[in-house]
Amino acid sequence: MFSKSKSGYSGPRKSRKLKDFGDGPKKTQRLITAVSIISGILLWFIITKIPSINTFLASPKQVFGAFMSETAANNRYWKDIAISLQRVFVGFGLGFLCAIPIAFLMGWYPKFRNLVEPWIQFFRTIPPIALIPLVILALGLGEKSKYTVIFISTFLVMVVTIFQGIREVDRTLVKAAYTFGATDKNIFFDIMIPAAFPFILVAARLGIATALTTLIAAELTGTTFGIGARIQGAQQFMNTSIVLLGIISIGVIGYALDKIILLIEKKTTRWK
Amino acid sequence: MSDNLIHIENVNKTYVVKGGDDVEVLKNVSLDISNNEFVCVVGPSGCGKTTLLNIVAGLETFNSGLVQMEGQNIIGPGPDRGVIFQQYALFPWMTVRKNIEYGMKYLNKYTAKEKYEISDKYIKMVNLVGFENFYPKELSGGMKQRVAIARAYAISPKVMLMDEPFGALDAQTRAQLQEDLLRTWEKEKTTCFFITHDVDEAVLLASKVVIMSSKPGQIKEIVKIDLPYPRNQATKLDDQFNVYKNHIWDIVYKMYLEVNK
């Protein structure tokens with residue numbers, strides 16, 4: 000309900016400050032981001048001064064120390080990062096390469112869609128982590144099982160998003176392309192892929208996030224290398240600084256990969 | 000016969016409506032279009048004029064009848080017919096120039112340099128010099144339709160099929176594009192098959208106006224417009240123009256009254 004002013008007319012509305020709709024100046028944006036990061040680290044520094052917290056949460060200094068010791072001598076740190084990244088890229092890459100044509104076929108042939116969609120929707124609801132025991136039984140503890148789990152999880156996430164993108168392609172564009180003599184193959188490469196490209200990039204971002212989640216889950220069992228395995232190992236020795244180092248490393252990797260895709264988006268979808 | 004470009008004979012098309020009566024979109028439609036003719040089709044919405052254009056474009060099927068171009072059955076879309084859609088149908092990820100060059104891509108006839116030169120020629124024709132590297136989202140509706148027209152002309156089709164191309168534009172832009180289209184047609188003499196619901200537009204542009212009725216979609220009358228070309232907006236002040244206009248309006252309006260009785 001509207002509240003009534005006792006005196007009836009209460010004069011003109013107080014004028015608000017005029018506001019530009021937009022992100023504001025770049026400089027201000029950067030400054031706020033910097034303040035946010037620095038105060039976050041400061042807060043972390045302060046709370047880890049409390050002994051009861053410090054028993055499970057290592058301080059920035061301790062994490063930095065862990066980073067130095069992990070990169071020194073046998074260079075364990077970079078080996079873990081490299082093997083984890085390899086798992087992410089192989090699994091994600093396979094998922095991406097399969098998701099595009101399958102999504103296209105689903106968007107193009109209703110019969111194919113009816114055939115595969117129930118399965119995709121069904122498996123999509125299952126957390127990929129639940130598949131790990133089965134995949135290990137089938138493929139063993141080696142790299143193949145890691146690639147497979149990441150492939151399945153990223154494929155399912157991406158195929159649904161790309162399918163949505165294919166469906167939203169303006170059919171008039173397809174008709175127009177046909178009038179210029181395009182074949183179905185031309186439609187796929189020259190119309191569908193570029194028109195759905197923004198969706199493909201969104202799918203890639205979701206896929207990367209999913210890949211990292213699945214990666215850590217897959218590495219927590221039966222493997223000696225990789226960030227997940229390192230976290231698991233350090234936990235058993237109560238080495239919280241290495242645990243935290245691993246967690247931060249995953250965050251940094253996820254953030255960096257996401258930024259790379261955003262950069263690609265900025266460069267390629269100026270037309271949007 | 001040699002002069003006849005498009006031959007439409009007894010074409011029927013029915014949409015099956017689930018749980019309702021079937022809709023006869025086109026019933027026994029017969030029409031011949033000669034080379035260099037400018038044919039406008041007018042009629043109330045739902046009279047099947049767009050369906051007829053799509054059939055000639057090869058983008059829609061029909062139930063019975065004959066649709067031929069130069070004696071060959073039309074079995075699908077092809078670059079011998081340039082199609083202009085009301086919604087422009089420009090590829091948003093391509094610049095103006097890339098859109099126009101795209102039209103020529105599958106002809107496998109031109110080198111990259113030739114495509115560039117041809118696109119230049121048609122960019123000049125539609126007065127878009129300076130906008131070559133703009134994306135469609137940066138253009139107004141009228142400019143977008145100019146690009147679509149340039150793109151269709153660049154493949155040198157035998158006929159231009161235009162489906163209410165100026166329907167979404169404001170009055171001034173529309174008048175300007177009508178004149179531009181007249182100039183182009185007077186010069187290139189590319190046969191035009193033009194759908195509109197605007198009687199003024201039809202009489203101004205056409206050498207022949209086809210009046211269609213709805214439910215079922217049928218050809219009611221064909222009116223030859225004997226106004227000399229070149230024409231422009233001032234042609235609308237001509238007495239003879241108004242005679243044609245009133246005659247066509249009369250038929251269209253009577254149909255409207257009948258349908259809404």
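For the protein sequence lines, the chains are A and B, in the order given.
Note that numbering that gives the first Met the number 0 numbers the first sequence so that position 69 is 68, with each residue one more than the last.
Note that numbering that gives the first Met the number 0 numbers the second sequence so that position 241 is 240, with each residue one more than the last.
All C-beta atoms, glycine included, are put in the ideal place defined by N, C-alpha and C.
Keep in mind that this is a model prediction, so the values were computed, not measured.
Task: For B:ALA174 and B:VAL15, the rounded distance between their alpha carbons - done: On the second sequence, position 16 is the one that residue 15 of chain B refers to. On the second sequence, position 175 is the one that residue 174 of chain B refers to. Each residue's Cα considered, the two are about 39 Å apart.
Open item on the list: Tell me whether the segment 149-163 of chain A and the segment 93-104 of chain A touch, counting them as touching only if at least three CB pairs, one residue from each stretch, are closer than 8 Å.
Closed with: Between the segment 149-163 of chain A and the segment 93-104 of chain A there are three or more C-beta pairs closer than 8 Å, enough to call the two in contact.
- [ ] Less than 8 Å between the CB atoms is what I'm expecting for B:LEU160 and B:VAL24, so what's the real figure, rounded?
- [x] For the purposes of this step, residue 160 of chain B is taken as residue 161 along the second sequence, with counting starting at 1. For the purposes of this step, residue 24 of chain B is taken as residue 25 along the second sequence, with counting starting at 1. Contact doesn't hold; Cβ gap of about 17 Å is too wide.
- [ ] Look at the alpha carbon of B:THR234 and the alpha carbon of B:PHE84, and state the distance between them as a whole number of angstroms.
- [x] For the purposes of this step, residue 234 of chain B is taken as residue 235 along the second sequence, with counting starting at 1. For the purposes of this step, residue 84 of chain B is taken as residue 85 along the second sequence, with counting starting at 1. Whole-angstrom Cα-Cα distance: 26 Å.
Task: Rounded separation between A:VAL173 and A:ASP189 - CA only - done: In the first sequence, counting from the first residue as 1, residue 173 of chain A sits at position 174. In the first sequence, counting from the first residue as 1, residue 189 of chain A sits at position 190. Straight through space, the alpha carbons of A:ASP189 and A:VAL173 are spaced by roughly 10 Å.
TODO: May I have a chain-ordered list of the alpha helix (DSSP H) segments no shorter than 4 residues that lie completely inside the segment 210-251 of chain B?
DONE: If we require 4 residues or more, the segment 210-251 of chain B turns out to have no alpha helix (DSSP H) run fully inside it.
Open item on the list: On the DSSP bridge list, what partners appear for A:GLU274?
Closed with: Residue 274 of chain A falls outside the range modelled here, since chain A spans only 0 to 271, and no answer is possible.
- [ ] Could you spell out where the alpha helix (DSSP H) holding B:ASP119 opens and where it closes?
- [x] Position 120 of the second sequence holds residue 119 of chain B. Per DSSP, the unbroken alpha helix (DSSP H) holding B:ASP119 starts and ends at 111-124.
Open item on the list: Can you confirm whether the segment 181-195 of chain A touches the segment 205-220 of chain A when touching is taken to mean that 3 or more C-beta pairs between the two stretches lie within less than 8 Å?
Closed with: Under the 8 Å Cβ criterion, the segment 205-220 of chain A does not count as touching the segment 181-195 of chain A, having fewer than three qualifying pairs.
- [ ] Report all residues from its chain with a CB closer than 7 Å to the CB of A:TRP77; omit the five preceding and five following residues, and keep chain order.
- [x] The residue labelled residue 77 of chain A in the question sits at position 78 within the first sequence. THR70, listed in sequence order.
TODO: Determine, using beta-carbon pairs with one atom in the segment 227-236 of chain A and one in the segment 168-183 of chain A, whether at least three such pairs fall under 8 Å.
DONE: Verdict: no, contact absent.
Task: A:GLN120 (DSSP reduced to helix, strand or coil) - done: Reading the first sequence from its first residue, position 121 is the one you call residue 120 of chain A. If DSSP states are grouped into helix, strand and coil, A:GLN120 belongs with the helices.
Task: Chain-order list of residues whose beta-carbon lies under 8 Å from that of A:LYS271 (same chain, five-residue window excluded) - done: For this step, residue 271 of chain A is matched to residue 272 along the first sequence. Within its own chain, the residues whose Cβ lies closer than 8 Å to the Cβ of A:LYS271, once the five positions on either side in sequence are excluded, are PRO197, listed in chain order.
Open item on the list: For A:TRP270, would you say it is in contact with chain B, using Cβ-to-Cβ distances shorter than 8 Å as the test?
Closed with: Stepping through the first sequence from its first residue, residue 270 of chain A is reached at position 271. The beta-carbon of A:TRP270 is placed less than 8 Å from the nearest beta-carbon of chain B.
Open item on the list: Considering only DSSP beta bridges, list what B:ASP162 is partnered with.
Closed with: For the purposes of this step, residue 162 of chain B is taken as the residue at position 163 of the second sequence. B:ILE194.
TODO: Tell whether a beta-carbon distance below 8 Å holds between B:ILE210 and B:GLY64.
DONE: Position 211 of the second sequence holds residue 210 of chain B. Position 65 of the second sequence holds residue 64 of chain B. Not in contact: B:ILE210 and B:GLY64 (Cβ atoms no closer than 8 Å).
TODO: Pull up the distance between the alpha-carbon of A:MET0 and that of A:THR32, whole angstroms please.
DONE: Your numbering for residue 0 of chain A matches position 1 in the first sequence. Your numbering for residue 32 of chain A matches position 33 in the first sequence. Low confidence applies here, because A:MET0 scores a pLDDT of 48, under 50, leaving its location unreliable and the question unanswered by this model.
Task: Bridge partner(s) assigned by DSSP for B:MET68 - done: Counting from 1 along the second sequence, the entry for residue 68 of chain B is found at position 69. B:MET68 pairs with B:ILE5, B:GLN71.
Task: Stretch pair the segment 141-159 of chain B + the segment 95-109 of chain B: three plus CB contacts closer than 8 Å - done: They touch, by the three-pair rule.
Task: Contact belief for B:SER213 with B:GLY45 at Cβ below 8 Å, rounded distance in angstroms - done: Indexing the second sequence from 1 puts residue 213 of chain B at position 214. Indexing the second sequence from 1 puts residue 45 of chain B at position 46. Approximately 5 Å separates the beta-carbon atoms of B:SER213 and B:GLY45; this is inside 8 Å, confirming the contact.
Task: Inter-residue Cα distance where the pair is B:PHE130 and A:PRO117 - done: By one-based count along the second sequence, residue 130 of chain B stands at place 131. By one-based count along the first sequence, residue 117 of chain A stands at place 118. C-alpha separation (whole angstroms): 47 Å.
Open item on the list: Strictly below 7 Å CB to CB, what residues from chain A border B:ALA56?
Closed with: Translated into positions along the second sequence, residue 56 of chain B becomes position 57. What B:ALA56 touches in chain A: THR178.
TODO: Could you name the residues of chain A that B:PRO164 contacts, counting a contact when the two beta carbons are closer than 7 Å?
DONE: Position 165 of the second sequence, counting from 1, holds the residue named residue 164 of chain B. Going along chain A, no residue has its Cβ under 7 Å from B:PRO164, so there is no contact; the nearest lies around 13 Å.
Task: Bounding residues of the alpha helix (DSSP H) (the contiguous stretch that carries A:ASP257) - done: Along the first sequence, one-based indexing puts residue 257 of chain A at 258. A:ASP257 -> alpha helix (DSSP H) spans 239-267.
Task: Neighbour list for B:TYR255 in chain A, Cβ cutoff strictly below 7 Å - done: Sequence index remark: in the second sequence, residue 255 of chain B carries index 256 (1-based). Counting only Cβ-Cβ distances below 7 Å, B:TYR255 has no contacts in chain A at all, with the closest Cβ about 29 Å away.
TODO: Could you name the residues that DSSP lists as bridge partners for B:GLU316?
DONE: Chain B is shown from 0 up to 260; residue 316 of chain B falls before or after that span and cannot be answered.
Task: Within chain A, partners of B:PHE192 - CB distance below 7 Å - done: Working through the second sequence from its first residue, we reach residue 192 of chain B at position 193. Below the 7 Å Cβ cutoff, chain A contributes no neighbours of B:PHE192, its closest Cβ being approximately 13 Å away.
Open item on the list: For a test of the three-state rule: what should DSSP assign to B:CYS46, helix, strand or coil?
Closed with: For the purposes of this step, residue 46 of chain B is taken as the residue at position 47 of the second sequence. Three-state DSSP puts B:CYS46 in coil, outside helix and strand.
Open item on the list: What does the Cβ neighbour count give for A:ALA216, buried or exposed, with the cut at 16 atoms within 10 Å?
Closed with: Taking the first residue of the first sequence as 1, we reach residue 216 of chain A at position 217. Classification of A:ALA216: buried, given that the 10 Å Cβ count is 16 or more.
TODO: Compare the C-alpha of B:ASP169 against each of B:GLN144, B:ILE5, B:LYS112, B:ASP237 and name the closest.
DONE: Translated into positions along the second sequence, residue 169 of chain B becomes position 170. Considering only alpha carbons, the answer is B:GLN144.
Open item on the list: Pairs of beta-carbons, one from the segment 192-199 of chain B and one from the segment 242-251 of chain B, closer than 8 Å: are there three or more?
Closed with: With the cut-off at 8 Å, the segment 192-199 of chain B and the segment 242-251 of chain B touch.
TODO: State buried or exposed for A:THR223, treating a residue as buried only when at least 16 other CB atoms are found within 10 Å of its CB.
DONE: Mapped onto the first sequence, residue 223 of chain A falls at position 224. By the neighbour-count definition (other C-beta atoms within 10 Å, threshold 16), A:THR223 is an exposed residue.
- [ ] Would you mind stating whether B:PRO215 and B:LYS26 have Cβ atoms separated by less than 8 Å?
- [x] Taking the second sequence and counting its residues from 1, one reaches residue 215 of chain B at position 216. Taking the second sequence and counting its residues from 1, one reaches residue 26 of chain B at position 27. In contact: B:PRO215 and B:LYS26 (Cβ atoms closer than 8 Å).
Task: chain B contact for A:ALA203 (CB, 8 Å cutoff) - done: By 1-based counting over the first sequence, the position of residue 203 of chain A is 204. Cβ-Cβ to chain B under 8 Å: no for A:ALA203.
Open item on the list: Considering Cα atoms alone, identify which of B:ILE7, B:VAL28, B:ARG230, B:TYR228 is closest to B:THR13.
Closed with: As a working mapping, residue 13 of chain B is identified with position 14 in the second sequence. For the residues B:ILE7, B:VAL28, B:ARG230, B:TYR228, the minimum Cα distance to B:THR13 belongs to B:VAL28.
Open item on the list: At the 8 Å Cβ level, is B:PHE84 part of the contact set with chain A, yes or no?
Closed with: In the second sequence, the residue the question calls residue 84 of chain B occupies position 85. Chain A contact via Cβ: present.
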